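Student:
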Amino acid sequence: MKLFWYLFYNILIVPPFFLLMKMAGLFNSKVRRGIAGRKRLFEDLLLTAAPLDKDKKLIWFHSSSLGEFEQAKPILEKLKKEFNVNIIITFFSPSGYENSRKYPYADIVSYIPFDSARQAKKFINLVRPDLSILMRYDIWPNHIWEMKKAGIPSFLVDATMKKGSPRKLPFIKNFHKILFKDLTRILTVSVLDEKGFKEFGCTDNQVVAVGDTRFDRVYERSRLARGMNLIKDELLSGKKIFVAGSTWEQDEEVILPAFSKLAKYDKDVILIIAPHEPTLLHLEKIENEYAGELSTIRFSSMNNYLDERVIIVDSIGILLTLYTYADVAFVGGSFKQNIHNALEAAVYGIPVLFGPKIDNSQETQELLKRGGGILIKNKRDAFKQLRTLFSKDRTRKEKGDISYKYVQENLGATEKIIKEISVYI
């Protein structure tokens, strides 16, 4: 049966995928960058691998993109500190590769080759990792099969298997049954996900629930963020802070009118809004359209702050630190398509608001179930919830405590994963 799926994948899936990528590259700059970045992939690998100490074991981490790599960092950094190993990290997406090229804990940073049988074999034979760690869901069949042939242990970490996953469809499920058998270990984020993988024939010895490293990652980053002091204390003294993070226009169309109405009732409340894409056009739209009559200032001009009601963040990479100032937070993407990382706000022990599109996030659903998270459906609902949270200190604190407790209860996945991995190092 494995031979059938090998031929099926390499004859009917891989060639059309390559063609689709080339066509997409004509219109999409991100795809085009990914194709261009792979042109000298093997030549670059030869050069960067040459100076490595061959007496050290080589651990390969693969992530689809930057978000998944954030989940890998706690494991990677602990391995690098506690074991005498070399680290190679690969990405499928240009965003992950381009933003991680100078990551200090990696010895080699590369794209993963496109998943043809020839390129996968060439990559595995060239790199020869002693162990591979694949993050979350980005598993490429030919690379897995080549590692199996070479006797290289392979781990799927922070693995999830949603109840309605397309992988469970009859024809596709049979393919994944064959593929999952060639993974050495599957470490899931929850017991439900562990049960999901067992539906594919994975054994008790192969799959185990260990938790989600995102909790460890946001907790560690929050500890560092608390001491950064991005905003002078006196500027926000006596203010009630609402931080809206990673927002898209669909989020802003709900949040800003609700906040504008709230600001009429509460003179001490201010909004710090961090757009997911702070382009000049987007910033101007917030200032001129969404903010209405509210006074605004851009974060880069905070030295000139004069009690403006809306602070618009015109840079990226500081959102986690901005949540340290929040009394209440809203997490964006939840009115567009998929919510962003709600844990980045919850770790500070504050109520977390979000829109209805949270199916992609188990942790957001759990926050909602426990009461630390609050789902808002429209402008009216958003105002009602904000009015309650900012006028009732006890309610705000109770919900914030729930958020913090949820994060604390789920720390420790990194240690469990390291224990599983260390057997093979």
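What the sequence shown shows, in numbering that gives the first Met the number 0, is residues 0 to 424, in sequence order. Every residue gets a Cβ at the ideal spot worked out from N, C-alpha and C, and that includes glycine. On a predicted model such as this, the values are computed, not experimentally measured, just so you know.
Could you give the DSSP three-state label for ARG225: helix, strand or coil?
Tutor: Coil at ARG225, not helix or strand.
Student: If ALA224 and THR320 are in contact, beta carbons under 8 Å, what's the gap, nearest whole angstrom?
Tutor: Yes, they are in contact, since the Cβ atoms of ALA224 and THR320 sit about 4 Å apart, within 8 Å.
Student: On a CA-only basis, which of ASP392, ILE12, TYR8, THR202 is nearest LYS239? Give me that one, please.
Tutor: The option with the nearest alpha carbon to LYS239 is ASP392.
Student: Do the region 346 to 363 and the region 213 to 222 meet, that is, are 3 or more Cβ pairs less than 8 Å apart?
Tutor: The region 346 to 363 vs the region 213 to 222: in contact.
Student: Could you check which residue in VAL126, GLY36, ILE87, MET146 has the C-alpha nearest to that of SER94?
Tutor: Cα-wise, what sits closest to SER94 is GLY36.
Student: Determine, using beta carbons only, whether ILE74 and ILE132 come nearer to each other than 8 Å.
Tutor: Yes. Within cutoff.
Student: Is it true that the CB of THR183 sits closer than 8 Å to the CB of PRO140?
Tutor: Against a cut-off of 8 Å, the Cβ pair of THR183 and PRO140 comes out as no contact.
Student: Quick check: TYR289 and LEU255, are their CB atoms within less than 8 Å of each other?
Tutor: Result yes, Cβ atoms of TYR289 and LEU255 sit closer than 8 Å.
Student: Mind checking whether ALA262 and VAL253 have CB atoms under 8 Å apart?
Tutor: Contact: no.
Student: Span of the beta strand (DSSP E) holding TRP59?
Tutor: Run containing TRP59: 56 to 62, per the beta strand (DSSP E) assignment.
Student: State yes or no: is the C-beta of GLY372 within less than 8 Å of the C-beta of VAL351?
Tutor: Taking 8 Å as the Cβ cut-off, GLY372 and VAL351 qualify as a contacting pair.
Student: Taking Cβ to Cβ, would you say PHE382 is nearer than 8 Å to ALA208?
Tutor: Result no, Cβ atoms of PHE382 and ALA208 do not sit closer than 8 Å.
Student: Among the residues of its own chain, which have a CB less than 6 Å from the CB of PHE329, if the five just before and after it don't count?
Tutor: Cβ neighbours of PHE329 beyond the five flanking positions: ALA243, ILE254, LEU352.
Student: Please name the residue or residues paired with ILE373 in a DSSP beta bridge.
Tutor: BP columns for ILE373 point to LEU352.
Student: Expressed to the nearest angstrom, what Euclidean distance is found between the alpha-carbon atoms of ARG220 and GLU81?
Tutor: Each residue's alpha carbon lies about 20 Å from the other.
Student: My understanding is that PHE241 touches LEU385, with C-beta atoms under 8 Å, so please give their C-beta distance in whole angstroms.
Tutor: Rounded, the Cβ-Cβ distance is 7 Å, consistent with contact.
Student: Assess, as a yes-or-no matter, whether the region 141 to 148 is touched by the region 162 to 176 under the definition of 3 or more beta carbon pairs within less than 8 Å.
Tutor: These segments do not touch.
Student: Which residues mark the beginning and the end of the beta strand (DSSP E) in which ARG393 is found?
Tutor: Segment 392 to 408 is the alpha helix (DSSP H) holding ARG393; no beta strand (DSSP E) there.
Student: On the CB-based measure, 16 or more other CB atoms within 10 Å of its CB, does GLY316 come out buried or exposed?
Tutor: Answer is exposed; the Cβ neighbour count stays below 16.
Student: Got a sec? Which residues, its chain only, sit under 6 Å from PHE60 by beta carbon, not counting five neighbours each side?
Tutor: Taken in chain order, the residues that qualify are ALA71, LEU75, ILE88, ILE132.
Student: What are the start and end residues of the alpha helix (DSSP H) that includes TYR96?
Tutor: Residues 93 to 99.
Student: In terms of alpha-carbon separation, which member of ARG117, ALA49, ASN173, GLY331 lies closest to PHE426?
Tutor: This structure does not reach residue 426, given that the chain is present from 0 up to 424, and the question cannot be answered.
Student: Would you kindly work out how many angstroms separate the C-alpha atoms of LYS121 and LYS418, rounded to a whole number?
Tutor: Answer to the nearest angstrom: the Cα atoms are 31 Å apart.
Student: In terms of residues, what are the limits of the alpha helix (DSSP H) holding LYS194?
Tutor: Segment 190 to 197, the alpha helix (DSSP H) holding LYS194.
Student: When you compare the CB positions of THR159 and ASP203, do they come within less than 8 Å of one another, or not?
Tutor: Going by C-beta atoms, THR159 is not nearer than 8 Å to ASP203.
Student: Where PHE7 and ILE177 are concerned, what is the direct C-alpha to C-alpha distance, given to the nearest angstrom?
Tutor: Taking the straight line joining both Cα atoms gives about 13 Å.
Student: Taking only three categories from DSSP, how would you classify GLY66?
Tutor: Three-state DSSP puts GLY66 in a helix.
Student: On the three-state DSSP scale, how would you describe ASP43?
Tutor: Here ASP43 sits in helix by DSSP.
Student: Give me the Cα-Cα distance between MET301 and LEU282, rounded to the nearest whole angstrom.
Tutor: Using only the alpha carbons, I get a separation of about 15 Å.
Student: Beta strand (DSSP E) containing TYR110: first to last residue?
Tutor: Counting along the chain, the beta strand (DSSP E) containing TYR110 begins and ends at 107 to 110.
Student: ALA208 lies in the beta strand (DSSP E); which residues open and close that run?
Tutor: Segment 206 to 208, the beta strand (DSSP E) holding ALA208.
Student: Specify the secondary structure class of MET134 as computed by DSSP and reduced to three states.
Tutor: MET134: strand per DSSP, three-state reduction.
Student: Determine the DSSP secondary structure at GLY36, reduced to helix, strand or coil.
Tutor: Of the three classes helix, strand and coil, the one that applies to GLY36 here is helix, per DSSP.
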